[in-house]
Amino acid sequence: MSAAIVGVAECDLGVTNLSVLTLQAQAVTRALADAGLSLSDVDGLATTGTGRFPATQLGDYLGIETKWSDSTFAGGSVYELMVARAVQAIDAGQAETIVVSFASNQRSARSRKLGGVIEEHTPEAQFESPYDPLQPISYYAMAAQQYLHRYGHDRAKLAEVAIAAREWARLNPAAYRFGADSLTVEDVLGARMISSPLTAADCCLVTDGGGAVVVTSTERARDLAKPPIEVLGYGERSTNMSMTLVDDLTVTGARGAAADAFARAGITHADVDVLEVYDSFTISVPLTLESMGFCGPGEALDFIADGRIRPGGDFPLDTSGGGLSYCHPGQFGILLLVEAVRQLRGECGDRQVAGAEVAVAQGTGGIFSTHNTIVLGVGR
Amino acid sequence: MSELTLPAGDEITADWWAATVERRLLVQECRECGTVQHPPRALCTGCGHMDGLGWRDASGRGVVDSWTAVYRSPRPDAEVPYTIARVRLAEGPIVLTRLVGSDAEDWEIGAEVVLDWLPGSEGRALPVFRREA
Numbered sequence: 381m382s383a384a385i386v387g388v389a390e391c392d393l394g395v396t397n398l399s400v401l402t403l404q405a406q407a408v409t410r411a412l413a414d415a416g417l418s419l420s421d422v423d424g425l426a427t428t429g430t431g432r433f434p435a436t437q438l439g440d441y442l443g444i445e446t447k448w449s450d451s452t453f454a455g456g457s458v459y460e461l462m463v464a465r466a467v468q469a470i471d472a473g474q475a476e477t478i479v480v481s482f483a484s485n486q487r488s489a490r491s492r493k494l495g496g497v498i499e500e501h502t503p504e505a506q507f508e509s510p511y512d513p514l515q516p517i518s519y520y521a522m523a524a525q526q527y528l529h530r531y532g533h534d535r536a537k538l539a540e541v542a543i544a545a546r547e548w549a550r551l552n553p554a555a556y557r558f559g560a561d562s563l564t565v566e567d568v569l570g571a572r573m574i575s576s577p578l579t580a581a582d583c584c585l586v587t588d589g590g591g592a593v594v595v596t597s598t599e600r601a602r603d604l605a606k607p608p609i610e611v612l613g614y615g616e617r618s619t620n621m622s623m624t625l626v627d628d629l630t631v632t633g634a635r636g637a638a639a640d641a642f643a644r645a646g647i648t649h650a651d652v653d654v655l656e657v658y659d660s661f662t663i664s665v666p667l668t669l670e671s672m673g674f675c676g677p678g679e680a681l682d683f684i685a686d687g688r689i690r691p692g693g694d695f696p697l698d699t700s701g702g703g704l705s706y707c708h709p710g711q712f713g714i715l716l717l718v719e720a721v722r723q724l725r726g727e728c729g730d731r732q733v734a735g736a737e738v739a740v741a742q743g744t745g746g747i748f749s750t751h752n753t754i755v756l757g758v759g760r
Numbered sequence: 091m092s093e094l095t096l097p098a099g100d101e102i103t104a105d106w107w108a109a110t111v112e113r114r115l116l117v118q119e120c121r122e123c124g125t126v127q128h129p130p131r132a133l134c135t136g137c138g139h140m141d142g143l144g145w146r147d148a149s150g151r152g153v154v155d156s157w158t159a160v161y162r163s164p165r166p167d168a169e170v171p172y173t174i175a176r177v178r179l180a181e182g183p184i185v186l187t188r189l190v191g192s193d194a195e196d197w198e199i200g201a202e203v204v205l206d207w208l209p210g211s212e213g214r215a216l217p218v219f220r221r222e223a
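Residue numbers (the numbering used here), protein chains in the order written: chain L, 381 to 760; chain Y, 91 to 223.
Printed below as a string of structure tokens:
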């Protein structure tokens, strides 16, 4: 690889009462300032959620013409996909400095729908929507039901994912649950049932928010404001849109995505110091960990037990507080990257993982539909 | 549920919806390679041919692959809780469906189920599943 992330930022998070393009402008300009760059340095843009021509719309708003753009839609993992594409574009010489960004005001705008967004022309509209599944929640709920049943685990062990996320959020002043109390198993199990076995506490937040990352060539990265964080590897899988295509609900496309990314980066599981996994629901974490190969099938809930993924544990995971307790603007993948970079720079204050040199952002979009892995490392 | 408004079929799925008037559950079968698939498509996902697909009547027997009881409906007029499930048909394909005839949480993975119908618009119906009597 010959590209690095040189700037990262969040836009305002939580309940902002701001428009999407204002939040995008915050994310982009703050990330550029973090890098010591300005809008005039940007020759590539990748984004989504700003209209039918997402990157073009954002470019127009920012007042820049781009040599390269990407408006792919692939749910919440698309920012990991876009960083991979950005690296390829930079390697190919098509662009030198690319901003990948996203922002949403879904909480202020009350735009989130329990049934999701199912387009009329799709088979899902005819063969799934008439049954009224919650989308995406009911799919993750069925995955959880299958997982707990097959391996004989109970919901109490799964609750650890939400409990650990809350502990990290309590150390992150930007987190939606920063000032909140610790969670107990009873809190998680006793929360309002949404789609069994998942309660409201098993589900990610619904907030405004977003962020941006600036990618540039390793060469250009050397003389910028912050130490460059190199993109060491990437991988992806795109698997399904329907709730019925995948035969085994407990195995996800993260398997192939992570294997490709780790091979490209030349790392093993033991090299990963910080792991930022898309925690859309508690169940997303054990299934992703197993599919990525950090442990065997059915082992993840024992793997994460005893505080291992909490602050101070030896397997730091979702160190921002994750989608469960920090921020979830609908497509969380951008913030996995922001946190991974900050951890590798040593900027994370009370939640800093000491000596972190390799971080992995593992995005998931849709109903375990898209899987995008980015391996990041401290520049050497 | 009161009478359901069901989706309009298209050139591929109209026959499937029409069969529900006679309370027949169809699956697509490929004469070229034998693949059985659902939902219906313009091509066979087994061999890629577009001209070998026909219909086969499903037996109406299946096994619960997974399920979830839903407590908040996406529609204000739907009664909660209800049970959403993936049922693996005896013919192979997995269908998304509802489980009826038992309490919403009174289900287990591996349960054997049989076809039932919820009446819908224009005499058509939505296939659902219940425990074998």
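The beta carbon of each residue, even a glycine, is placed where N, CA and C say it ideally should be.
Using a Cβ-Cβ distance cut-off of 8 Å, determine whether residue i contacts chain L.
i	result
residue 204/Y	no
residue 157/Y	yes
residue 163/Y	yes
residue 176/Y	yes
residue 160/Y	yes
residue 186/Y	yes
residue 212/Y	no
residue 168/Y	yes
residue 112/Y	no
residue 103/Y	yes
residue 93/Y	no
residue 116/Y	no
residue 96/Y	yes
For my contact list, residue i and residue j are in at a C-beta cut-off of 8 Å; report their separation, rounded to the angstrom.
i	j	result
residue 186/Y	residue 508/L	5 Å
residue 578/L	residue 521/L	5 Å
residue 715/L	residue 705/L	Their Cβ separation, rounded to whole angstroms, is 12 Å, which puts residue 715/L and residue 705/L out of contact at 8 Å.
residue 763/L	residue 742/L	Absent from the structure is residue 763/L, since the part of chain L shown begins at 381 and ends at 760.
residue 658/L	residue 713/L	6 Å
residue 551/L	residue 691/L	6 Å
residue 664/L	residue 564/L	With 8 Å as the limit, residue 664/L and residue 564/L do not qualify as a contact, their Cβ atoms being about 21 Å apart.
residue 449/L	residue 436/L	7 Å
residue 392/L	residue 406/L	6 Å
Quick one: does residue i have its CB under 8 Å from some CB of chain Y?
i	result
residue 511/L	yes
residue 503/L	yes
residue 576/L	yes
residue 624/L	yes
residue 529/L	yes
residue 486/L	no
residue 518/L	yes
residue 521/L	yes
residue 537/L	no
residue 447/L	no
residue 669/L	no
residue 661/L	no
residue 573/L	yes
Flag this pair as yes or no: are the beta carbons of residue i and residue j separated by less than 8 Å?
i	j	result
residue 455/L	residue 750/L	yes
residue 758/L	residue 543/L	no
residue 477/L	residue 451/L	no
residue 526/L	residue 192/Y	no
residue 470/L	residue 597/L	yes
residue 644/L	residue 614/L	yes
residue 442/L	residue 408/L	yes
residue 170/Y	residue 162/Y	yes
residue 166/Y	residue 93/Y	no
residue 536/L	residue 662/L	no
residue 106/Y	residue 154/Y	no
residue 486/L	residue 438/L	no
residue 696/L	residue 654/L	yes
residue 721/L	residue 385/L	yes
residue 120/Y	residue 143/Y	yes
residue 575/L	residue 517/L	yes
residue 200/Y	residue 126/Y	no
Can you check DSSP and say which residues form a bridge with residue i?
i	result
residue 157/Y	175/Y
residue 390/L	591/L
residue 126/Y	119/Y
residue 609/L	385/L and 758/L
residue 614/L	754/L
Between the options, which has its C-alpha nearest residue i's C-alpha?
i	options	result
residue 211/Y	102/Y, 110/Y and 100/Y	110/Y
residue 112/Y	139/Y, 207/Y, 223/Y and 221/Y	207/Y
residue 611/L	516/L, 501/L, 647/L and 693/L	647/L
residue 625/L	753/L, 747/L, 425/L and 545/L	747/L
residue 194/Y	220/Y, 148/Y, 141/Y and 150/Y	220/Y
residue 650/L	667/L, 672/L and 666/L	672/L
residue 679/L	505/L, 412/L and 531/L	531/L
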